[in-house]
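>
In mature numbering (1 follows the signal peptide of the UniProt record, and there is no 0), the protein residues as written are -23 to -1, 1 to 155.
Right, here's the structure in full:
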(Lines of atoms letter the chains of each structure in order from A and count residues from 1; the text may use other names and numbers.)
(Lines give C-alpha, C1' and ligand atoms only; values in the text may rest on other atoms or scores of the structure.)
Protein backbone atom coordinates (compact mmCIF):
# COMPACT_ATOMS: atom_id res chain seq x y z
CA UNK A 1 0.00 0.00 0.00
CA UNK A 2 1.48 3.34 -1.01
CA UNK A 3 0.57 6.71 0.42
CA UNK A 4 0.13 9.91 -1.45
CA UNK A 5 3.21 12.16 -0.88
CA UNK A 6 0.95 14.90 0.46
CA UNK A 7 -0.45 12.56 3.12
CA UNK A 8 3.08 11.50 4.09
CA UNK A 9 4.12 15.14 4.40
CA UNK A 10 1.01 15.95 6.45
CA UNK A 11 1.64 13.06 8.85
CA UNK A 12 5.31 14.01 9.16
CA UNK A 13 4.44 17.64 9.93
CA UNK A 14 1.81 16.55 12.45
CA UNK A 15 4.31 14.34 14.26
CA UNK A 16 6.99 17.02 14.27
CA UNK A 17 4.75 19.85 15.43
CA UNK A 18 2.69 17.99 18.05
CA UNK A 19 5.21 18.48 20.92
CA UNK A 20 5.18 22.23 20.28
CA UNK A 21 1.41 22.32 20.33
CA UNK A 22 1.33 20.59 23.70
CA UNK A 23 3.70 23.05 25.37
CA UNK A 24 2.08 26.39 24.58
CA UNK A 25 1.53 28.98 27.31
CA UNK A 26 -1.67 30.66 28.31
CA UNK A 27 -0.54 34.26 28.52
CA UNK A 28 -2.43 36.84 30.48
CA UNK A 29 -5.40 38.15 28.63
CA UNK A 30 -7.81 40.98 29.21
CA UNK A 31 -10.52 38.40 29.90
CA UNK A 32 -8.87 36.32 32.65
CA UNK A 33 -6.87 37.75 35.54
CA UNK A 34 -4.34 35.82 37.60
CA UNK A 35 -6.71 36.23 40.56
CA UNK A 36 -9.47 34.43 38.63
CA UNK A 37 -6.99 31.67 37.76
CA UNK A 38 -6.23 31.21 41.47
CA UNK A 39 -9.92 30.83 42.31
CA UNK A 40 -10.38 28.33 39.44
CA UNK A 41 -7.72 26.24 41.20
CA UNK A 42 -9.59 26.54 44.55
CA UNK A 43 -6.99 28.93 45.98
CA UNK A 44 -7.73 32.35 47.52
CA UNK A 45 -7.14 35.31 45.22
CA UNK A 46 -5.32 37.28 47.92
CA UNK A 47 -2.22 35.09 47.72
CA UNK A 48 -0.79 37.62 45.28
CA UNK A 49 -0.60 41.41 45.76
CA UNK A 50 -2.46 43.96 43.63
CA UNK A 51 0.59 44.86 41.53
CA UNK A 52 0.61 41.96 39.02
CA UNK A 53 1.83 43.21 35.65
CA UNK A 54 1.62 39.93 33.70
CA UNK A 55 1.51 36.17 34.07
CA UNK A 56 1.90 32.99 32.06
CA UNK A 57 0.56 29.52 32.79
CA UNK A 58 1.64 26.36 30.98
CA UNK A 59 -0.52 23.29 30.45
CA UNK A 60 1.47 21.39 33.08
CA UNK A 61 0.63 24.07 35.69
CA UNK A 62 4.02 25.79 35.66
CA UNK A 63 3.51 29.53 36.02
CA UNK A 64 5.35 32.82 36.18
CA UNK A 65 3.90 36.01 37.64
CA UNK A 66 5.64 39.35 37.09
CA UNK A 67 4.94 42.21 39.49
CA UNK A 68 5.48 45.90 38.78
CA UNK A 69 8.27 45.81 41.38
CA UNK A 70 9.24 43.84 44.49
CA UNK A 71 7.04 44.64 47.46
CA UNK A 72 5.79 43.75 50.95
CA UNK A 73 2.34 42.84 52.29
CA UNK A 74 1.36 42.56 55.95
CA UNK A 75 -0.73 39.49 56.77
CA UNK A 76 -0.41 37.73 60.11
CA UNK A 77 3.27 37.81 59.12
CA UNK A 78 5.22 40.22 56.91
CA UNK A 79 5.54 38.77 53.39
CA UNK A 80 8.04 39.77 50.68
CA UNK A 81 7.18 39.30 46.99
CA UNK A 82 10.03 39.34 44.46
CA UNK A 83 9.42 40.94 41.08
CA UNK A 84 9.12 37.44 39.54
CA UNK A 85 7.19 34.63 41.25
CA UNK A 86 7.31 31.09 39.88
CA UNK A 87 5.81 27.74 40.78
CA UNK A 88 3.55 24.90 39.75
CA UNK A 89 -0.18 25.32 40.12
CA UNK A 90 -2.58 22.43 40.71
CA UNK A 91 -6.03 22.14 42.26
CA UNK A 92 -5.70 23.33 45.87
CA UNK A 93 -1.93 23.83 45.87
CA UNK A 94 1.12 25.68 44.60
CA UNK A 95 4.38 23.73 44.69
CA UNK A 96 7.98 24.52 43.68
CA UNK A 97 7.25 28.09 44.73
CA UNK A 98 9.91 30.75 44.26
CA UNK A 99 9.86 34.50 44.87
CA UNK A 100 7.87 34.66 48.13
CA UNK A 101 9.43 34.99 51.57
CA UNK A 102 8.01 35.41 55.06
CA UNK A 103 9.65 37.16 58.00
CA UNK A 104 9.85 35.16 61.22
CA UNK A 105 11.62 36.90 64.07
CA UNK A 106 14.73 38.39 62.42
CA UNK A 107 14.93 35.96 59.49
CA UNK A 108 13.47 35.92 55.97
CA UNK A 109 12.44 32.38 55.01
CA UNK A 110 11.42 31.04 51.58
CA UNK A 111 7.86 29.83 51.17
CA UNK A 112 8.13 26.52 49.24
CA UNK A 113 4.51 25.41 49.00
CA UNK A 114 0.98 26.66 49.63
CA UNK A 115 -2.07 24.40 49.88
CA UNK A 116 -5.66 24.35 51.07
CA UNK A 117 -7.91 21.51 52.20
CA UNK A 118 -10.45 20.25 49.68
CA UNK A 119 -13.25 20.62 50.58
CA UNK A 120 -12.31 23.80 52.38
CA UNK A 121 -11.75 23.64 56.13
CA UNK A 122 -11.11 27.39 56.40
CA UNK A 123 -7.36 26.82 56.74
CA UNK A 124 -4.45 27.41 54.41
CA UNK A 125 -1.04 25.77 54.84
CA UNK A 126 2.35 27.29 54.08
CA UNK A 127 5.45 25.14 53.91
CA UNK A 128 8.55 27.09 54.90
CA UNK A 129 11.54 24.75 54.83
CA UNK A 130 10.54 21.79 56.97
CA UNK A 131 7.95 23.83 58.90
CA UNK A 132 4.28 23.61 57.93
CA UNK A 133 2.24 26.60 59.20
CA UNK A 134 -1.56 26.63 59.25
CA UNK A 135 -3.32 30.01 59.00
CA UNK A 136 -6.91 31.20 58.64
CA UNK A 137 -7.74 31.46 54.93
CA UNK A 138 -9.93 34.56 55.49
CA UNK A 139 -6.92 36.91 55.53
CA UNK A 140 -6.12 35.79 51.95
CA UNK A 141 -9.61 36.21 50.47
CA UNK A 142 -9.05 39.82 49.36
CA UNK A 143 -6.19 41.16 47.24
CA UNK A 144 -3.87 43.35 49.32
CA UNK A 145 -1.97 46.48 48.31
CA UNK A 146 1.78 46.29 47.90
CA UNK A 147 4.15 48.40 49.98
CA UNK A 148 7.56 49.43 48.70
CA UNK A 149 9.35 48.99 51.99
CA UNK A 150 9.17 46.68 54.97
CA UNK A 151 10.12 49.68 57.13
CA UNK A 152 6.88 51.45 56.22
CA UNK A 153 4.95 48.49 57.55
CA UNK A 154 7.09 48.21 60.66
CA UNK A 155 6.69 51.94 61.26
CA UNK A 156 2.92 51.59 61.17
CA UNK A 157 3.11 48.78 63.71
CA UNK A 158 5.49 50.81 65.91
CA UNK A 159 3.10 53.78 65.81
CA UNK A 160 0.26 51.51 66.94
CA UNK A 161 2.36 50.22 69.84
CA UNK A 162 3.38 53.74 70.88
CA UNK A 163 -0.24 54.91 70.85
CA UNK A 164 -1.14 52.14 73.29
CA UNK A 165 1.50 53.15 75.84
CA UNK A 166 0.26 55.00 78.93
CA UNK A 167 0.68 58.76 79.00
CA UNK A 168 3.88 60.00 80.66
CA UNK A 169 3.62 61.11 84.26
CA UNK A 170 4.71 64.70 84.81
CA UNK A 171 4.91 64.77 88.58
CA UNK A 172 6.21 61.87 90.55
CA UNK A 173 6.52 61.79 94.29
CA UNK A 174 10.00 61.26 95.61
CA UNK A 175 10.57 58.23 97.72
CA UNK A 176 12.93 58.81 100.57
CA UNK A 177 14.88 55.83 101.71
CA UNK A 178 17.15 55.62 104.70
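Glycine included, each C-beta is placed from N, C-alpha and C at the ideal position. All of these numbers come straight from a predicted model, not from anything done at the bench.
Terminal residues of the continuous beta strand (DSSP E) containing residue 86?
84 to 87
> Which stretch, first to last residue, makes up the beta strand (DSSP E) that contains residue 29?
Start and end: 29 to 35.
> Relative to the alpha-carbon of residue 78, which residue among 51, 65 and 96 has its alpha-carbon at the smallest distance?
Here the closest residue by C-alpha is 51.
> Is it the case that the Cβ atoms of residue 19 and residue 93 are separated by a distance below 9 Å?
yes
> So within the stretch 63 to 126, which uninterrupted alpha helix (DSSP H) runs reach at least 4 residues, ignoring any that extend past its ends?
Within the stretch 63 to 126, no complete alpha helix (DSSP H) run reaches 4 residues.
> If you follow the beta strand (DSSP E) that residue 49 is part of, which residue opens it and which one closes it?
Residues 48 to 51.
> Could you compute how far the alpha carbon of residue 101 sits from the alpha carbon of residue 31?
25 Å
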